[in-house]
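J.: One structure, pasted below without further comment.
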Amino acid sequence: MFFKDQRKDAARQLMAAFNAHDHLALAKCLTADCIFIDSAGGRIEGRSGCVEATRLFMKLEPEFHVEVDSYSVVGDEVLMQGETTARDPLVAKDRLWRAKVEDGRISEFQTYCDGEPRQLARLLGQGADHM
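Using full-length UniProt numbering, read the sequence shown as starting at 1 and increasing by one per residue.
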């Protein structure tokens with residue numbers, strides 16, 4: 001008998017929420033104290049901060065889409081490999097992601113990429129102050 005893996009399901013739901021640009025679905029995927037870490041090491045903390053940053057990011061990159069090629073579960077983390085599409089070539093890259101899962105929700109999400117990293121946490125933090 002095969003069992004569904006809650007950790008992988010949580011990561012898939014998160015990526016589906018990103019692709020749908022659905023902020024309510026995204027909020028349901030995250031723990032209240034979740035942390036987002038961009039590829040430059042910038043951090044956004046808390047569900048509301050992560051959802052607002054994602055909303056601002058989608059406003060800046062309305063064509064943003066994630067394509068995950070593989071999911072691997074290691075302990076309480078899901079490692080993903082894939083690529084993103086976007087108008088900004090610094091955002092449209094091959095990527096690795098790490099999602100830590102607690103009780104079926106994402107408590108920490110980190111993105112990695114080669115080349116010059118986009119400091120999304122800093123950019124979105126500044127954007128929130130100016131919007």
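We put the CB at the ideal spot given by N, CA and C, even for glycine.
So what does DSSP say about residue 127, is it helix, strand or coil?
T.: For the purposes of this step, residue 127 is identified with residue 127 of the sequence shown, where counting begins at 1. In this predicted model, residue 127 has a pLDDT of only 43, less than 50, meaning its place in the structure is not dependable enough to derive any value.
J.: Given this structure, state the Cα-to-Cα distance separating residue 61 from residue 84, to the nearest angstrom.
T.: Indexing the sequence shown from 1 puts residue 61 at position 61. Indexing the sequence shown from 1 puts residue 84 at position 84. Their Cα atoms are separated by approximately 11 Å.
J.: Under three-state DSSP, which class holds residue 1?
T.: The residue labelled residue 1 in the question sits at position 1 within the sequence shown. Note that residue 1 scores a pLDDT of 40, beneath 50, so its modelled location is shaky and nothing firm can be said.
J.: Spatial neighbours of residue 9 within its chain, please: CB distance less than 8 Å, with the 5 preceding and 5 following residues excluded, ordered by chain position.
T.: Reading the sequence shown from its first residue, position 9 is the one you call residue 9. Only 104 meet the Cβ criterion.
J.: Taking only three categories from DSSP, how would you classify residue 61?
T.: Stepping through the sequence shown from its first residue, residue 61 is reached at position 61. Coil, per DSSP.
J.: Three or more C-beta pairs under 8 Å: does that hold for the region 13–30 against the region 59–74?
T.: The answer is yes - the region 59–74 touches the region 13–30, with three or more Cβ pairs under 8 Å.
J.: What residue range is occupied by the uninterrupted beta strand (DSSP E) comprising residue 100?
T.: By one-based count along the sequence shown, residue 100 stands at place 100. Run containing residue 100: 94–102, per the beta strand (DSSP E) assignment.
J.: Considering only DSSP beta bridges, list what residue 77 is partnered with.
T.: One-based indexing of the sequence shown puts residue 77 at position 77. Per DSSP, 74 and 100.
J.: Is the separation between the beta-carbon of residue 110 and that of residue 37 shorter than 7 Å?
T.: Position 110 of the sequence shown, counted from the first residue, corresponds to residue 110. Position 37 of the sequence shown, counted from the first residue, corresponds to residue 37. A contact, by the Cβ cut-off of 7 Å.
J.: From what residue to what residue does the alpha helix (DSSP H) around residue 12 run?
T.: Within the sequence shown, the letter at position 12 stands for residue 12. First-last of the alpha helix (DSSP H) with residue 12: 6–20.
J.: Residue 32 by DSSP, collapsed to three states: which one?
T.: In the sequence shown, residue 32 corresponds to position 32, counting from 1. Reduced to three states, the DSSP call for residue 32 is strand.
J.: Applying the 10 Å Cβ sphere with the 16-neighbour rule, what's the burial state of residue 74?
T.: Residue 74 sits at position 74 when you count from the first residue of the sequence shown. By the 10 Å Cβ count, residue 74 comes out exposed.
J.: Quick one: grab the DSSP three-state call for residue 91.
T.: In the sequence shown, counting from the first residue as 1, residue 91 sits at position 91. Of the three classes helix, strand and coil, the one that applies to residue 91 here is coil, per DSSP.
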